[in-house]
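Here's the structure we're looking at; comments come further down.
Protein chains: 2
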Amino acid sequence: MTYCVGMMLDRGLVFMSDTRTNAGLDNISTFGKMKTWEAEGDRVITLLCAGNLATTQAVVSELDERAKAHRDRNPSLFEMPSMYQMARLVADTLRDVIQRNSDTGQRADSVFNATLILGGQIAGGPPRLFLIYPEGNFIEAGSDTPFFQIGEIKYGRPILVRAYDPALSFEEAMKLLLVSFDSTVKANLTVGAPFDFHLYTVDSLVRGQIGRIEQDDPYFQTISQGWGDALKQALDSLPAFGAELPQPTP
Amino acid sequence: MTYCVGMMLDRGLVFMSDTRTNAGLDNISTFGKMKTWEAEGDRVITLLCAGNLATTQAVVSELDERAKAHRDRNPSLFEMPSMYQMARLVADTLRDVIQRNSDTGQRADSVFNATLILGGQIAGGPPRLFLIYPEGNFIEAGSDTPFFQIGEIKYGRPILVRAYDPALSFEEAMKLLLVSFDSTVKANLTVGAPFDFHLYTVDSLVRGQIGRIEQDDPYFQTISQGWGDALKQALDSLPAFGAELPQPTP
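In order, the protein sequence lines correspond to chains A and B.
For the first sequence, full-length UniProt numbering gives the first residue as 1, with consecutive numbering after it.
For the second sequence, full-length UniProt numbering gives the first residue as 1, with consecutive numbering after it.
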């Protein structure tokens with residue numbers, strides 16, 4: 001399993017991914033699931049991956065190879081004129097990889113499916129965020145649905161739904177995401193630290209702060225432990241069942 | 001889908017269930033999923049059901065019929081000498097019903113599976129709580145795992161894990177459960193109010209408070225709206241990413 005979130009804020013895009021992959025519960029490893037490409041002043045692209053690791057690595061490798069030799073090969077993600085075209089390129093690559101593995105060779109017990117979050121900005125356009133399905137189609141985030149989750153989305157969703165605000169600062173968004181990731185990690189063994197993140201500032205067209213938060217990171221520990229206490233206090237602040245309800249102020 | 005929780009507290013057992021059933025998203029109805037049997041001074045039994053509605057209704061009806069004519073028919077849940085025997089009876093009934101539907105007649109697209117939570121107390125023994133699987137086996141709650149969820153368990157789990165305490169009062173437990181149910185309802189259309197509950201007091205051997213909370217119940221509305229604000233405050237109380245961390249007090 002996996003847990004990744006891509007989020008649109010007024011001040012930019014925030015990405016976070018866990019790094020645990022598993023082939024059964026008795027076989028877990030750490031792999032990065034976030035990849036960022038940059039052409040300074042022209043474009044910054046970040047991809048988050050959930051699903052079959054061979055599939056997502058193949059997608060990233062294909063995009064990467066073409067990007068490195070982008071004068072020779074087409075289509076390259078450095079040549080796409082818009083984020084929409086970029087999403088189509090990535091989606092087509094994903095569908096091709098899945099099809100290639102599905103049509104030929106050994107049959108596997110599991111399907112080769114994967115789901116991706118693609119976000120970034122190209123000079124001349126706004127930042128955009130897409131959720132790409134294994135079928136090769138995709139949807140775009142907007143003001144109604146300003147963030148996407150992939151993988152084990154359920155445990156960490158309620159806090160995102162309640163506390164997301166487009167005006168969040170990067171520092172507040174990181175806190176929110178770490179609470180969401182902590183809730184997920186506490187409930188699902190197949191999601192685990194360290195967590196990779198990228199904070200992209202709107203219109204900067206350079207990579208923002210990119211980093212990795214380890215399980216024993218002091219800030220993450222503070223959040224993880226503090227959140228339990230904060231939740232209990234939040235619960236305490238509400239009236240108990242059967243108590244006199246506060247009257248609405250007129 | 002469904003969401004039900006059975007919980008052991010020092011002062012008794014707490015049960016809550018939603019009432020939404022659906023055969024597709026375009027066909028939803030309201031059905032109670034909680035059933036309580038009582039023989040005052042001797043035993044109180046509550047059953048929560050998730051899964052195929054025909055299956056769970058058949059299980060309840062069979063148990064109910066035998067219970068009503070329990071002098072004539074065996075085995076009846078009013079004659080079981082212990083909660084363990086009770087769990088075996090219910091589990092056997094569940095397995096029989098599933099098997100009967102699976103072996104004969106039309107094939108359905110969906111399986112006939114169901115999962116049950118059984119809790120209660122019989123004179124001479126302590127309150128006990130069981131989770132019964134469609135295969136007809138079951139597990140019992142203990143101090144390590146003092147509550148069971150069935151149905152759509154994920155959205156509402158983080159708050160239970162964080163805030164459960166065996167010393168909770170019934171009033172606090174109801175608040176906790178309504179927060180958990182609210183988080184689930186907000187994320188999954190196939191879980192919905194009204195919510196049925198039963199608060200059984202340890203060693204009372206009579207039905208406790210039984211009731212139903214409607215969507216527009218003023219208390220539920222207070223919790224639902226208050227929880228969003230309380231969560232934001234909880235989040236605000238934690239240090240933002242990159243901030244100076246509070247030093248642990250020596």
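Glycine residues also receive a C-beta, built at the ideal position from the N, C-alpha and C atoms.
Computed from a predicted structure; not experimentally measured.
May I ask you to list the residues that DSSP assigns as paired with Arg11 of chain A?
Numbered from its first residue, the first sequence carries residue 11 of chain A at position 11. Bridge partners of Arg11 of chain A: none, in fact.
Taking beta-carbon pairs under 8 Å, can you tell me which members of the stretch 201-233 of chain B lie near chain A?
Those would be Pro218, Tyr219, Thr222, Ile223, Gly226, Trp227, Gly228, Ala230, Leu231, Lys232, Gln233, in chain order.
Return the first residue and the last residue of the beta strand (DSSP E) that Gln149 of chain A is part of.
Counting from 1 along the first sequence, the entry for residue 149 of chain A is found at position 149. 147-151 is the span of the beta strand (DSSP E), which, as asked, contains Gln149 of chain A.
Buried or exposed, going by whether 16 or more other CB atoms sit within 10 Å of the CB of Asp64 of chain A?
Start at 1 with the first residue of the first sequence, and residue 64 of chain A comes out as number 64. Per the 10 Å Cβ criterion, exposed.
If I'm right that Asp196 of chain B touches Thr19 of chain B with Cβ under 8 Å, what's the distance once you round it to whole angstroms?
Locating residue 196 of chain B in the second sequence gives position 196, counting from the first residue. Locating residue 19 of chain B in the second sequence gives position 19, counting from the first residue. Asp196 of chain B to Thr19 of chain B, Cβ: 6 Å. Contact.
I'd like to check one pair, Phe15 of chain A with Gly142 of chain A: are the Cβ atoms closer than 9 Å?
The sequence position of residue 142 of chain A within the first sequence is 142, counting from 1. The sequence position of residue 15 of chain A within the first sequence is 15, counting from 1. Against a cut-off of 9 Å, the Cβ pair of Phe15 of chain A and Gly142 of chain A comes out as no contact.
For a minimum of 3 consecutive residues, which ranges assigned as the beta strand (DSSP E) are wholly contained in the stretch 158-207 of chain A?
List check, beta strand (DSSP E) in window: 195-201.
Would you be able to state if there are at least three C-beta pairs under 8 Å between the stretch 231-241 of chain B and the stretch 162-174 of chain A?
Look at the beta carbons and you see the stretch 162-174 of chain A touching the stretch 231-241 of chain B: at least three pairs across the two are nearer than 8 Å.
At least one CB of chain A closer than 9 Å to the CB of Lys35 of chain B: is that the case?
Reading the second sequence from its first residue, position 35 is the one you call residue 35 of chain B. False, the Cβ-Cβ gap to chain A never drops below 9 Å.
Against chain B, with Cβ distances strictly below 9 Å, would Pro239 of chain A count as a contact?
In the first sequence, residue 239 of chain A corresponds to position 239, counting from 1. With 9 Å as the cut-off, Pro239 of chain A counts as an interface residue toward chain B.
Ser183 of chain A touches chain B at which residues, Cβ-Cβ below 7 Å?
The residue you call residue 183 of chain A lines up with position 183 of the first sequence. Scanning chain B for C-beta atoms nearer than 7 Å to the C-beta of Ser183 of chain A yields Pro158, reported in chain order.
Cβ-based burial, Asp92 of chain B [other Cβ within 10 Å; buried from 16]
For the purposes of this step, residue 92 of chain B is taken as residue 92 along the second sequence, with counting starting at 1. Per the 10 Å Cβ criterion, exposed.
Mind listing the chain A neighbours of Glu171 of chain B? Cutoff is C-beta to C-beta under 8 Å, in chain order.
Sequence index remark: in the second sequence, residue 171 of chain B carries index 171 (1-based). Correct list: Ala240, Phe241, Gly242, Ala243.
For a contact defined as C-beta to C-beta under 7 Å, what are the partners of Ala58 of chain B on chain A?
In the second sequence, the residue the question calls residue 58 of chain B occupies position 58. Listed by position along chain A, the residues whose Cβ is nearer than 7 Å to that of Ala58 of chain B form an empty set, because the closest Cβ is around 30 Å away.
Does the beta carbon of Tyr3 of chain B sit closer than 9 Å to a beta carbon anywhere in chain A?
Translated into positions along the second sequence, residue 3 of chain B becomes position 3. Put simply, the CB of Tyr3 of chain B is far from chain A, with every gap to its CB atoms at 9 Å or more.
Our contact map puts Met86 of chain B next to Ile45 of chain B with C-beta atoms below 8 Å; I'd like the distance itself, whole angstroms only.
Reading the second sequence from its first residue, position 86 is the one you call residue 86 of chain B. Reading the second sequence from its first residue, position 45 is the one you call residue 45 of chain B. Going by Cβ atoms, the distance from Met86 of chain B to Ile45 of chain B rounds to 6 Å, so yes, they are a contact pair.
Cα-Cα, which of A:Gly226, A:Tyr219, A:Gly12 is closest to Leu245 of chain B?
Within the second sequence, numbered from 1, the residue matching residue 245 of chain B stands at position 245. Comparing Cα positions, the closest option is A:Tyr219.
Considering only DSSP beta bridges, list what Gln209 of chain A is partnered with.
Here residue 209 of chain A refers to the residue found at position 209 when the first sequence is read from its first residue. For Gln209 of chain A, which the question treats as bridged, DSSP gives the partners A:Leu199.
Assuming Ile150 of chain B and Leu48 of chain B make a contact with CB atoms under 8 Å, what is their CB distance in whole Å?
Against the second sequence, residue 150 of chain B aligns to sequence position 150. Against the second sequence, residue 48 of chain B aligns to sequence position 48. Going by Cβ atoms, the distance from Ile150 of chain B to Leu48 of chain B rounds to 7 Å, so yes, they are a contact pair.
Distance, Gln99 of chain B Cα to Met80 of chain B Cα
Translated into the one-based positions of the second sequence, residue 80 of chain B becomes position 80. Translated into the one-based positions of the second sequence, residue 99 of chain B becomes position 99. C-alpha of Met80 of chain B to C-alpha of Gln99 of chain B: approximately 23 Å in a straight line.
Kindly list, in the order they appear in chain A, the residues whose Cβ is closer than 8 Å to that of Ala187 of chain B.
Residue numbering aside, residue 187 of chain B sits at position 187 when the second sequence is read from its first letter. By Cβ distance, chain A contributes Lys154, Arg157, Pro158, Val161.
Could you name the residues of chain A that Val179 of chain B contacts, counting a contact when the two beta carbons are closer than 8 Å?
The residue given as residue 179 of chain B occupies position 179 in the second sequence. Neighbours of Val179 of chain B in chain A, taken as residues at a C-beta separation under 8 Å, are given in chain order as Leu235, Leu238.
So, is the C-beta of Lys68 of chain B closer than 9 Å to a C-beta in chain A?
As a working mapping, residue 68 of chain B is identified with position 68 in the second sequence. Chain A has no Cβ within less than 9 Å of the Cβ of Lys68 of chain B.
Let me see if you follow: with CB-CB separation under 9 Å, is Leu176 of chain A close to chain B or not?
By one-based count along the first sequence, residue 176 of chain A stands at place 176. Cβ-Cβ to chain B under 9 Å: yes for Leu176 of chain A.
Take residue 253 of chain A as the anchor and find which of B:Gln209, B:Gly6, B:Trp227 has the nearest alpha-carbon.
There is no way to answer for residue 253 of chain A, as the model of chain A reaches only from 1 to 250.
Would you list the one or two residues that DSSP bridges to Asn22 of chain A?
The sequence position of residue 22 of chain A within the first sequence is 22, counting from 1. DSSP, once it has assigned bridges, lists A:Ile28 as partnering Asn22 of chain A.
Where Ser169 of chain A and Ala50 of chain A are concerned, what is the direct C-alpha to C-alpha distance, given to the nearest angstrom?
For this step, residue 169 of chain A is matched to residue 169 along the first sequence. For this step, residue 50 of chain A is matched to residue 50 along the first sequence. Each residue's alpha carbon lies about 26 Å from the other.
Considering only C-alpha positions, which residue in the set B:His198, B:Leu189, B:Val206 is nearest to Ala23 of chain B?
Against the second sequence, residue 23 of chain B aligns to sequence position 23. Among B:His198, B:Leu189, B:Val206, the Cα nearest to that of Ala23 of chain B is on B:Leu189.
Minimum C-alpha distance to Thr222 of chain B - residue among A:Gln215, A:Gln209, A:Leu238
Locating residue 222 of chain B in the second sequence gives position 222, where the first residue counts as 1. Cα-wise, what sits closest to Thr222 of chain B is A:Leu238.
Taking 9 Å as the threshold (C-beta atoms), are Met7 of chain A and Pro146 of chain A in contact?
Stepping through the first sequence from its first residue, residue 146 of chain A is reached at position 146. Stepping through the first sequence from its first residue, residue 7 of chain A is reached at position 7. Less than 9 Å divides the Cβ of Pro146 of chain A from the Cβ of Met7 of chain A.
With respect to the beta strand (DSSP E) encompassing Ala50 of chain A, which residues constitute its N-terminal and C-terminal limits?
Walking along the first sequence from the start, residue 50 of chain A turns up at place 50. 43-51 is the extent of the beta strand (DSSP E) around Ala50 of chain A.
Taking the alpha-carbon of Leu53 of chain A as reference, which of A:Ser102, A:Val202, A:Arg128, A:Lys33 has the nearest alpha-carbon?
In the first sequence, residue 53 of chain A corresponds to position 53, counting from 1. Distance from the Cα of Leu53 of chain A is smallest, within the candidate group A:Ser102, A:Val202, A:Arg128, A:Lys33, for A:Lys33.
Identified DSSP bridge partners for Glu38 of chain A:
As a working note, residue 38 of chain A is residue 38 in the first sequence. The secondary-structure analysis by DSSP pairs Glu38 of chain A across a beta bridge with A:Val44.
Tell me which residue opens and which closes the alpha helix (DSSP H) that Ser123 of chain A is part of.
For the purposes of this step, residue 123 of chain A is taken as the residue at position 123 of the first sequence. Checking the sequence, you will find Ala at residue 123 of chain A rather than Ser. Membership of Ala123 of chain A in any alpha helix (DSSP H) is not indicated, and neither H nor E is assigned to it by DSSP.
Keeping to the same chain, check which residues put their C-beta closer than 7 Å to that of Phe31 of chain A; ignore five residues upstream and five downstream.
Stepping through the first sequence from its first residue, residue 31 of chain A is reached at position 31. Hits under 7 Å: Thr19, Thr21, Leu53.
Alpha carbon to alpha carbon, what distance is there between Arg11 of chain A and Arg128 of chain A?
As a working mapping, residue 128 of chain A is identified with position 128 in the first sequence. As a working mapping, residue 11 of chain A is identified with position 11 in the first sequence. One C-alpha to the other measures close to 12 Å.
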